[in-house]
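> Dropping a structure here in structure tokens format, bear with me for questions.
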Amino acid sequence: KRGWKGSFYVTGKFARYTDRPEYANEDKVKELIQTGHELGSHSSTHPFMSQLNTSDMIFQSQNNFNYLKTLGQAPEGLAYPFGDFSEDVETEVKRFFKYARTSLIGLNDRSADPYRLRILPITNSTTTLELFNWIDDAERSSTWLILLFHDLSDIEDENPYNTGVIQYRQVLDYLKTKEKIAVLPVNEALKELK
């Protein structure tokens, strides 16, 4: 509604083989693509990638890359499942993707390693004021903040990665007040940094 696009990282297993409403099915993923959002990979089955042998690392990247491509968009980036990566994982991910998003916390600048992009993970204990402060810090320092909203729901449960829809909208409304801040999908933001 605000004219912004986001980056959505999809695990093939969940899009293909589940009827669970908390996961985007193939139709929802295609809708994201058709409305101009970035589609990224989150591996084929969501394993701890650093615990895999080389051929399994390649399978996780290549299989999901090919699957997502059949849905309508070849993914440029990957979000490491559980934020888990190693130098070996990074080497294999580079064969298929232009960047990778980690779970390392922090801001990014022009010197950021595109295979070690930092984020701000939003959990059910993250306050709206904390989010506003991170946005202000990024604006003040002319750096890049990647906000990770994992699950959006107003249902209170044990999931630490659940963000309430009200808080999500408050963050979007706050960003709208920031004339100097561009809201972009990760792949587009990387191109702006070059």
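The sequence shown stops at residue 641 when you use this note's numbering, and every number in between is there. Just so you know, even glycine gets a beta-carbon here, dropped at the ideal spot from N, CA and C.
1) Taking the alpha carbon of Ser-588 as the reference point, which residue from Ser-497, Phe-455, Arg-557 has its own alpha carbon closest?
2) Comparing alpha-carbon positions, which option in Leu-554, Ser-572, Thr-575 lies nearest Ile-566?
3) Once DSSP output is grouped into helix, strand and coil, what is the label at Trp-451?
4) For Gln-481, which residues from the same chain have a beta carbon less than 8 Å from its beta carbon, with the 5 sequence-adjacent residues on both sides left out?
5) Does Arg-467 pass the burial test, meaning 16 or more other C-beta atoms within 10 Å, or should it be called exposed?
6) Which runs of the alpha helix (DSSP H) fall wholly inside the segment 479-567 and span at least 4 residues, in chain order?
7) Counting C-beta neighbours from all protein chains within 10 Å, is the total for Arg-548 16 or more, i.e. buried, or is it exposed?
8) Are three or more beta carbon pairs between the segment 496-511 and the segment 470-485 nearer than 8 Å?
9) First and last residue of the alpha helix (DSSP H) that includes Leu-640?
Let's see:
1) For Ser-588, the nearest C-alpha among the options comes from Arg-557.
2) Nearest of Leu-554, Ser-572, Thr-575 to Ile-566, Cα basis: Leu-554.
3) Here DSSP, grouped into helix, strand and coil, assigns Trp-451 to coil.
4) Here Gln-481 has Gly-519 as same chain residues with Cβ atoms under 8 Å from its own Cβ, once five neighbours each way along the sequence are excluded.
5) It is exposed - the Cβ of Arg-467 has fewer than 16 other Cβ atoms within 10 Å.
6) Every unbroken stretch of the alpha helix (DSSP H) spanning 4 or more residues and falling wholly within the segment 479-567 is given here in chain order: 501-518, 534-540.
7) Counting Cβ neighbours within 10 Å, Arg-548 comes out buried, since at least 16 surround it.
8) Judged by Cβ distances under 8 Å, the segment 496-511 makes no contact with the segment 470-485, as fewer than three pairs qualify.
9) Leu-640 -> alpha helix (DSSP H) spans 633-640.
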